[in-house]
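Residue 1 is where the sequence shown starts when you use the UniProt record's numbering, and the numbers rise one by one after that.
Just so it is clear, CB atoms sit at the ideal spot from N, CA and C, and this is done for glycine as well.
Presented below is the structure to which this report refers.
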Amino acid sequence: MMWRGIIERYREHLPAIDKSAVISLQEGNTPLVRADNLRFFLKTNLEIFLKVEGLNPTGSFKDRGMTVAVSRAAEKGQKAIICASTGNTSASAAAYAARANIKCIALIPKGAIALGKLAQALIHSARILAIDGNFDDALRLTKEIVAKYPITLVNSLNPDRIEGQKTGAFEIVDELGGAPDYQFIPVGNAGNIVAYWKGYKEYHQAGKAKKLPRMMGFQAAGAAPIVRGEVIENPETVATAIRIGNPANWQEAEAARDESQGIISAVSDDEILDAYQMLAALEGIFVEPASAAGVAGMIKLCRQGYFKKAARVVCILTGHGLKDPERAVKVTEEPKIVPANIGDVLKAANIEG
Ligand SMILES: *Cc1c(COP(=O)(O)O)cnc(C)c1O
């Protein structure tokens with residue numbers, strides 16, 4: 001059967017949307033890939049799966065939430081949507097707004113979003129405003145605007161976003177035949193950890209999953225307000241998608257952590273970039289740095305001997321590596337320049353000589 005996106009697939013679990021009003025790019029149905037190379041490398045008896053959300057239509061999990069948020073806004077006759085964004089929300093909002101034929105306005109922190117994401121938002125004709133401030137400033141301004149004007153906010157404060165994003169948990173349970181023991185996930189504005197937890201709980205209540213996973217959230221050490229228990233005024237990290245100092249879903253994320261007996265902890269930029277390179281080199285999966293935060297957390301706990309017995313884990317890889325190609329070039333070696341003759345090429349390629 002043809003895949004028609006998460007609203008058609010999970011209609012009975014989602015807010016009512018008329019069939020004719022659905023705005024979809026056939027998001028969802030992303031691969032759940034076994035990571036045995038990583039498992040052998042870590043010498044762990046964890047069974048590791050990677051949910052490759054970078055293969056959504058605009059290259060991040062935001063599309064799951066955006067199809068619901070934009071469909072509902074358009075169905076109500078809204079003419080415009082607005083978001084604050086570290087990049088992927090604006091890329092996704094711009095694409096779905098284009099398809100819905102409504103206006104999209106995105107406030108981004110000046111100079112702090114990856115080039116691929118900016119390119120996406122621009123080419124889909126969103127109105128992009130680079131704010132001389134950080135994400136938290138952009139979100140504050142966005143909230144002020146929607147309080148006064150008939151424009152729909154499509155950040156994860158919009159419950160429709162959470163509704164759409166919970167379908168990631170449904171897909172995992174549908175595919176594995178149950179919930180994993182642990183789910184690792186990066187935490188920025190903290191909507192996605194809340195969405196996954198909601199999805200697992202709803203499937204559990206519906207009898208589709210016998211157990212619930214522990215939610216294992218990871219923030220970047222320089223942008224770890226939940227871990228530190230205080231707002232971070234100037235968050236800093238290479239993982240720009242989670243460079244957030246005052247998460248909108250803070251309390252709900254703590255509830256997900258506590259109800260699931262999980263943790264929310266921090267990983268350094270070095271740990272994030274190690275995991276980022278490991279995923280690419282060992283598993284052939286290219287993610288953007290923020291997406292590697294959950295994997296970095298899993299690796300760190302493995303090395304600390306945290307897991308006492310075999311368990312099944314799923315890591316959510318939130319966005320595609322091509323969003324931020326400059327980072328990949330920066331952490332690797334430049335290609336060697338070789339004279340155009342066969343002898344030098346064979347030598348340089350370590351084939352001969
Ligand atoms: C948005 C985003 C995150 C953070 O998700 P939250 O719901 O804000 O916690 C992580 N990784 C990527 C690639 C993202 O785009």
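In three-state DSSP terms, what is residue i?
i	result
residue 313	strand
residue 348	helix
residue 47	strand
residue 23	coil
residue 4	coil
residue 337	coil
residue 294	helix
residue 107	strand
residue 60	strand
residue 331	coil
residue 321	helix
residue 301	helix
residue 42	helix
residue 14	coil
residue 115	helix
residue 55	helix
Quick check: does the Cβ of residue i come within less than 7 Å of any heavy atom belonging to ligand 1?
i	result
residue 88	yes
residue 186	yes
residue 193	yes
residue 265	no
residue 116	no
residue 134	no
residue 189	yes
residue 242	yes
residue 288	yes
residue 60	yes
residue 156	yes
residue 28	no
residue 178	no
residue 67	no
residue 291	yes
residue 142	no
residue 318	yes
Would you say the beta carbon of residue i is closer than 7 Å to some non-hydrogen atom of ligand 2?
i	result
residue 167	Although ligand 2 was asked about, the structure shown includes only ligand 1 as ligands.
Can you tell me the Cβ-Cβ gap for residue i and residue j, rounded? I've got them flagged as a contact below 8 Å.
i	j	result
residue 112	residue 240	6 Å
residue 91	residue 58	5 Å
residue 183	residue 64	Not a contact, Cβ separation roughly 15 Å.
residue 23	residue 74	6 Å
residue 247	residue 188	7 Å
residue 132	residue 110	5 Å
residue 279	residue 287	6 Å
residue 316	residue 294	6 Å
residue 269	residue 222	7 Å
residue 28	residue 171	7 Å
residue 257	residue 215	6 Å
residue 173	residue 208	6 Å
residue 302	residue 122	Incorrect: roughly 40 Å between the Cβ atoms, too far for contact.
residue 296	residue 272	5 Å
residue 235	residue 134	7 Å
residue 49	residue 314	5 Å
residue 219	residue 264	7 Å
Please decide whether residue i counts as near chain D, where near means a Cβ-Cβ distance under 8 Å.
i	result
residue 63	Annotation note: the requested chain D is absent from the structure, which comprises a single protein chain.
- request: Can you check the segment 216-289 for any alpha helix (DSSP H) of at least 4 residues that lies completely inside it and give the ranges in chain order?
  value: 225-228, 250-259 and 269-283
query: In the segment 172-206, which residue ranges form an unbroken beta strand (DSSP E) of at least 3 residues, counting only runs that do not cross its ends?
result: 182-186
- prompt: Which runs of the alpha helix (DSSP H) fall wholly inside the segment 119-171 and span at least 4 residues, in chain order?
  reply: Listed in chain order, the complete alpha helix (DSSP H) runs (minimum 4 residues) inside the segment 119-171 are 135-148 and 159-165.
message: Going residue by residue through the segment 62-90, where are the continuous beta strand (DSSP E) segments of at least 3 residues, counting only ones entirely within it?
response: Counting only runs of 3 or more, we get 80-84.
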